[in-house]
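Below: one structure, written as structure tokens.
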Amino acid sequence: NAGVTQTPKFQVLKTGQSMTLQCAQDMNHNSMYWYRQDPGMGLRLIYYSASEGTTDKGEVPNGYNVSRLNKREFSLRLESAAPSQTSVYFCASSGNWGPRDSPYFGAGTRLSVL
Amino acid sequence: KQEVTQIPAALSVPEGENLVLNCSFTDSAIYNLQWFRQDPGKGLTSLLLIQSSQREQTSGRLNASLDKSSGRSTLYIAASQPGDSATYLCAVKGGGATNKLIFGTGTLLAVQP
Chain A
4 NAGVTQTPKF QVLKTGQSMT LQCAQDMNHN SMYWYRQDPG MGLRLIYYSA
54 SEGTTDKGEV PNGYNVSRLN KREFSLRLES AAPSQTSVYF CASSGNWGPR
104 DSPYFGAGTR LSVL
Chain B
17 KQEVTQIPAA LSVPEGENLV LNCSFTDSAI YNLQWFRQDP GKGLTSLLLI
67 QSSQREQTSG RLNASLDKSS GRSTLYIAAS QPGDSATYLC AVKGGGATNK
117 LIFGTGTLLA VQP
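Same order as they appear, the protein sequences are chains A and B.
Taking the numbering used here, the leading residue of the first sequence gets 4, the next gets one more, and so forth.
Taking the numbering used here, the leading residue of the second sequence gets 17, the next gets one more, and so forth.
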């Protein structure tokens, strides 16, 4: 029962460094999402992929890129990390893009940019 | 632009008390509203999902209601237990092409034994 798996769980970067957050789901879900969670801000959508081969911007896409590698995997890349990107990042997946579908969330990646 | 607000931001109650968490949203054109639970250092777990055509959903000691016209939802927890301590978030799923989840900032609940 793996569900949604995120790696790494923790990461510390220096300003300007790059890294890729990995996400994989084993539920054969079509849709996948990346959110960030900041204190007092709730979760905000960075990018989403409604189906394999498609990606779209969410509320806060600046500074990020994504790749839907296949149906299982959706990665988030920070090309040049900034302190403002210090946050907890959550990946999620859902079966379809319909009103009855509730997303399943990974455990999160805690990122600090110094 | 859809905005979701949760009041109160934090709540502390003694064990056994019934409690209500509130969620309000500005745009009534929603597909559904969901309540999630988040434990410290963990991801989110879906508790209840109310579709736009429904008025309420129940699961065990939890009951969620939805009033689209007034832009409000409540999560009622009966006979609270220390294990209910967590952050509770509501999220609305909008209509149209975007169909994205918009989250509130959450209510941090502490149930004292």
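Yeah, the Cβ is synthetic: ideal placement off N, Cα and C, and Gly gets one too.
| query | Which of the three DSSP states, helix, strand or coil, is assigned to Gln-18 of chain B? | reply | coil
| Is Pro-129 of chain B helix, strand or coil when you go by DSSP? | coil
| What span of residues does the beta strand (DSSP E) with Glu-72 of chain B cover, start to end? | 72–75
| field | CA-to-CA distance, Ser-97 of chain A to Leu-32 of chain A, given in whole angstroms | value | First, the residue type needs correcting, since residue 32 of chain A is His and not Leu in the sequence shown. Each residue's Cα considered, the two are about 5 angstroms apart.
| field | Bounding residues of the beta strand (DSSP E) (the contiguous stretch that carries Leu-63 of chain B) | value | 60–67
| query | Is Phe-108 of chain A close to chain B, meaning its C-beta is less than 7 angstroms from at least one C-beta of that chain? | reply | yes
| message | At a CB distance below 8 angstroms, what residues from the stretch 59–72 of chain B approach chain A? Give them in sequence order. | response | Gly-59, Leu-60, Thr-61, Ser-62, Leu-65, Gln-67 and Ser-68
| Supposed contact pair Leu-37 of chain B and Thr-123 of chain B - C-beta distance, whole angstroms, cut 8 angstroms | 5 angstroms
| query | Should Leu-105 of chain B and Phe-52 of chain B be called a contact, given that it needs their Cβ atoms to be closer than 7 angstroms? | reply | yes
| said: When you compare the CB of Gln-50 of chain B with every CB in chain A, is at least one pair closer than 7 angstroms? | reply: Gln-50 of chain B counts as touching chain A.
| task | Give the DSSP-derived three-state secondary structure of Ser-83 of chain A in the structure shown. | result | coil
| field | Three-pair Cβ contact test at 8 angstroms for the stretch 74–89 of chain B versus the stretch 33–47 of chain B | value | yes
| request: Spell out the partners DSSP gives Ile-23 of chain B in its beta bridges. | output: Its beta-bridge partners are B:Asn-38.
| Using a Cβ-Cβ distance under 7 angstroms, would Gly-66 of chain A count as near chain B? | No, Gly-66 of chain A lies away from the interface with chain B (no Cβ there is under 7 angstroms from its Cβ).
| request: Report the residues of the stretch 118–129 of chain B with a CB closer than 9 angstroms to any CB of chain A, ordered along the chain. | output: Listed by position along the chain: Ile-118, Phe-119, Gly-120, Thr-121 and Gly-122.
| request: Would you decide whether Asp-104 of chain A is buried or exposed? Buried here means 16 or more other CB atoms lie within 10 Å of its CB. | output: buried
| field | Extent of the continuous beta strand (DSSP E) run through Gly-6 of chain A | value | No beta strand (DSSP E) contains Gly-6 of chain A, which DSSP labels as neither H nor E.
| said: Against chain B, does Gly-98 of chain A count as a neighbour if the rule is that its beta carbon must be under 7 angstroms from one of theirs? | reply: no
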